[in-house]
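Numbering (the UniProt record's numbering), first residue to last: 9 to 484. Okay, structure first, notes after.
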Amino acid sequence: PTAQIGVTGLAVMGSNLARNFARHGHTVALHNRTFAKTKALMEEHGHEGNFVPAESAAEFVAALQRPRRLVIMVKAGAPTDAVIEEFAPLLEEGDVIIDGGNAHFDDTRRREKSLRERGLHFVGTGISGGEEGALNGPSIMPGGSAESYKSLGPLLEDISAKVDGVPCCTHIGPDGAGHFVKMVHNGIEYADMQLIAESYDLLRRALGMTPGEIAEVFRTWNGGRLESYLIEITAEVLGHTDAVTGKPFVDVVQDQAEQKGTGRWTVQTALDLGVPVSGIAEAVFARSLSGHADLRDASQGLPGPSGEKLTGAAAERFADDVEQALYASKIVAYAQGIHQIEAGSQEYGWDIDPGAVAKIWRGGCIIRARFLNRITEAYAKDRKPVTLLTDDHFAQALGAAQDAWRRVVATSVELGVPAPGFSAALAYYDALRSERLPAALVQGQRDFFGAHTYRRVDREGSFHTMWGADRDERTA
Ligand code: 6PG
């Protein structure tokens, strides 16, 4: 056998990963359910490196050096299980199956456990960066055993994106850790996208700017602390003109956002873990709301404010205010995502280092951004911040941005332009900094109608007030 790695499932992500391995000098075995795709890949890109096209599963496995490393790039869910079942019987102890799709981490935990019992390594790995990233260097988030990383890690690091020469790939932790982190990455991706979309909407509706003008604003922002892939492509999308109508592209696209589900998983999991990812949740809900055409149609006649635009000094400073609100809200989204990673790590015993995660997100992935360096620095300190918000750099940035942030949220409310991402992020910030929360009242209500008991600020124990009788307080 000559191949160091194999890829089965040669749709665009699989093909591009295979080509990436080959371009880095590795011999890559290729397999696909239908051989036609394998042949097509060979015809088009066979010259880029050393490939071993295999027609059957047995041929594919036979082409791999031991320990065999085979990457599965098929649809998440049942197709992944089917492919695992096809190959597992052909493998031998110590071989490594890698699932590079967007699997749910629960599935990954289940698959890892069952394959471990059969003597095989199973590595669920997050891969971010879309088609282009898969070919030229993605951010890679592998889970699975530390032992599997020894043989697999160097190959993955080889093909990953590099920032300052450092690979955007690290062993995240056992079993489902990699797919969990990829899931949260996508939750943050949703939040980032929503916050950017709200920024655009506010600039357009509060100032009357055109998409082309707003593209310029994003281009300017991309030269500063907001520098990131998503800001960069936003400028491209907003600057694009539809060839058919000559209108701004963004005006001819249906305003109903779709999702394949990883953002939704982030929120579902956060609810189970008890982590308040309100900013990420609002981003998921905003996509969901946009898709309810019936509700939106029915609501067209509901009254709103007069729709006047900002003028004078308020208009002058508004774009700068939005930049600050965007930066502050982005910090909140990452703080929430990191909280979720820490909670998941705790729950499943993964021992994930958030700083290392931020480091491999600096390049290759969809949320790559200049400010991730700051997050890495925050978690490299001896005393890890309890929340990203209180790290010196971010606390200062939030403090400096908060007046502008409040003005933006207030403006959105006054003009009737929805900004759920900005509002939720600001509410999270204000809730965390509040000395007292009205949760005390909620506890009182719960005790009143359900005798659910409460704790006191001044004494240990649980208490119940006899609300219906003499209002005596009893120890519960
Ligand atoms: C990535 C992306 C990718 C994601 C889709 C969009 O990191 O490369 O997160 O994995 O699945 O690009 O997902 P939605 O369809 O849910 O928006």
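Heads up, the beta-carbon is just placed ideally off N, CA and C, and yes, glycines get one too.
- prompt: Between the Cα of Glu-120 and the Cα atoms of Ser-156, Thr-319 and Asn-144, which residue gives the shortest distance?
  reply: Per the Cα distances, Ser-156.
message: Cutting at 8 Å between CB atoms, please list the residues of its own chain near Gly-299, excluding the five before and the five after it.
response: Once the five neighbours on either side are set aside, the close Cβ partners of Gly-299 are Gln-264, Ala-265 and Glu-266.
message: Can you list, in chain order, the residues of its chain with a C-beta nearer than 7 Å to that of Pro-362? Leave out the 5 residues immediately preceding and following it.
response: Apart from the 5 residues on each side of it in sequence, Pro-362 sits with its Cβ closer than 7 Å to the Cβ of Ile-346, Ile-349, Glu-350 and Tyr-387 in its chain, given in chain order.
message: Suppose contacts are defined by Cβ-Cβ distances below 8 Å. Is Gly-145 in contact with Val-82 by that definition?
response: Contact annotation: Gly-145 and Val-82 have beta-carbon atoms that are not nearer than 8 Å.
- prompt: Can you find a heavy atom of ligand 1 that lies under 7 Å from the Cβ of Ile-374?
  reply: Taking non-hydrogen atoms of ligand 1 into account, the C-beta of Ile-374 is found less than 7 Å away from one of them.
Host alpha helix (DSSP H) of Val-60 (start-end): Val-60 -> not in any alpha helix (DSSP H); beta strand (DSSP E) instead, spanning 59 to 61.
message: Given the structure, does Gln-354 come close to ligand 1, in the sense that its CB is under 7 Å from one of the ligand's heavy atoms?
response: No, ligand 1 has no heavy atom inside 7 Å of this Cβ.
query: Got a sec: does ligand 1 put a non-hydrogen atom nearer than 7 Å to the Cβ of Lys-255?
result: Taking the Cβ of Lys-255 as the reference point, every heavy atom of ligand 1 lies at 7 Å or farther away.
query: If we count the other Cβ atoms within 10 Å of its Cβ and call it buried at 16 or more, is Lys-389 buried or exposed?
result: Exposed, because fewer than 16 other Cβ atoms sit within 10 Å of the Cβ of Lys-389.
Opening and closing residue of the alpha helix (DSSP H) in which Asp-107 lies: For Asp-107, there is no enclosing alpha helix (DSSP H); the enclosing beta strand (DSSP E) has its first and last residue at 104 to 107.
query: Going by alpha carbons, who is nearest to Thr-242 out of Trp-229, Thr-253 and Ala-251?
result: The shortest Cα separation from Thr-242 among Trp-229, Thr-253 and Ala-251 belongs to Trp-229.
- request: Name the one or two DSSP bridge partners that Ser-286 has.
  value: The partner list for Ser-286 (beta bridge, DSSP) is empty, contrary to what the question assumes.
query: In the structure shown, what three-state DSSP assignment does Gly-54 receive?
result: In this structure, DSSP gives Gly-54 a helical state, which the three-state scheme calls helix.
query: Would the beta-carbon of Ser-168 fall within 8 Å of that of Val-104?
result: Taking 8 Å as the Cβ cut-off, Ser-168 and Val-104 do not qualify as a contacting pair.
For Gly-132: DSSP bridge partner residues: Bridge partners of Gly-132: Asp-107.
Three-state secondary structure (DSSP) of Gly-254: Reduced to three states, the DSSP call for Gly-254 is coil.
- request: With a cut-off of 8 Å on the beta carbons, I'd call Ser-147 and Gly-371 a contact; round off their distance for me.
  value: Ser-147 to Gly-371, Cβ: 6 Å. Contact.
query: Quick one: is the Cβ of His-193 within less than 7 Å of any heavy atom of ligand 1?
result: Remark: the C-beta of His-193 is in contact range of ligand 1, defined as less than 7 Å to any heavy atom.
Collapsed DSSP secondary structure at Leu-123 in the structure displayed: Residue state, collapsed to three classes: helix.
field: Runs of alpha helix (DSSP H) wholly within the stretch 320 to 374 (minimum 4 residues, chain order)
entry: With a minimum length of 4 residues, the unbroken runs of alpha helix (DSSP H) contained wholly in the stretch 320 to 374 fall at 320 to 356 and 362 to 368.
- prompt: Closest by CA to Ser-64, which one among Val-15, Glu-56, Gly-57 and Glu-385?
  reply: Of the listed residues, the one whose Cα sits closest to Ser-64 is Val-15.
Counted within 10 angstroms of its Cβ, other Cβ atoms place Asp-411 as buried (16 or more) or exposed: By the C-beta density criterion, Asp-411 is exposed, having fewer than 16 other C-beta atoms within 10 angstroms.
field: Residues near Phe-226 in its chain [Cβ-Cβ closer than 6 Å; skip 5 each side]
entry: So the list reads Ile-239, Thr-242 and Ala-243, once near-sequence residues are dropped.
Contact the stretch 122 to 132 vs the stretch 47 to 56: 3+ CB pairs below 8 Å: Taking a cut-off of 8 Å on C-beta distances, the stretch 122 to 132 does not touch the stretch 47 to 56, as fewer than three cross pairs fall below it.
field: Whole-number beta carbon distance between Gly-184 and Thr-270, since they are thought to touch under 8 Å
entry: Cβ atoms of Thr-270 and Gly-184 stay farther apart than 8 Å, at about 14 Å.
message: Please state the DSSP three-state secondary structure of His-187.
response: Here His-187 sits in helix by DSSP.
query: What is the rounded straight-line gap between the Cα of Ile-339 and the Cα of Leu-211?
result: Each residue's Cα considered, the two are about 21 Å apart.
- prompt: On the three-state DSSP scale, how would you describe Arg-415?
  reply: Here Arg-415 sits in helix by DSSP.
- prompt: Looking at Leu-281 and Ala-343, is the spacing between their C-beta atoms short of 8 Å?
  reply: No, the pair does not count as a contact, with Cβ atoms beyond the cut-off.
- request: Would you list the one or two residues that DSSP bridges to Phe-471?
  value: In DSSP, Phe-471 forms a bridge with Tyr-462 and Thr-483.
- prompt: For Lys-144, is the beta carbon positioned less than 7 Å from some heavy atom of ligand 1?
  reply: Per the sequence shown, residue 144 should be read as Asn rather than Lys. When distances are taken from the beta-carbon of Asn-144 to the heavy atoms of ligand 1, even the shortest one reaches 7 Å or more.
field: Cβ-based burial, Ser-207 [other Cβ within 10 Å; buried from 16]
entry: Under the 10 Å beta carbon count, Ser-207 is surrounded by 16 or more other beta carbons and is classified as buried.
Best match in Arg-463, Tyr-462, Phe-457 and Arg-467 for proximity to Trp-475 [C-alpha to C-alpha]: Residue Phe-457 is the option with its Cα nearest to Trp-475.
task: Say whether the stretch 19 to 30 touches the stretch 135 to 143, bearing in mind that this needs 3 or more beta-carbon pairs closer than 8 Å, one atom from each stretch.
output: Enough Cβ pairs lie closer than 8 Å, so yes.
task: Hey, could you find the ends of the beta strand (DSSP E) residue 5 is sitting in?
output: Past the boundaries of the shown model lies residue 5; the chain is included only from 9 to 484, so the question cannot be answered.
query: Can you list, in chain order, the residues of its chain whose CB lies under 6 Å from that of Leu-49, leaving out five sequence neighbours each side?
result: Closer than 6 Å at the Cβ level, and outside the excluded window around Leu-49, lie Leu-18 and Ser-23.
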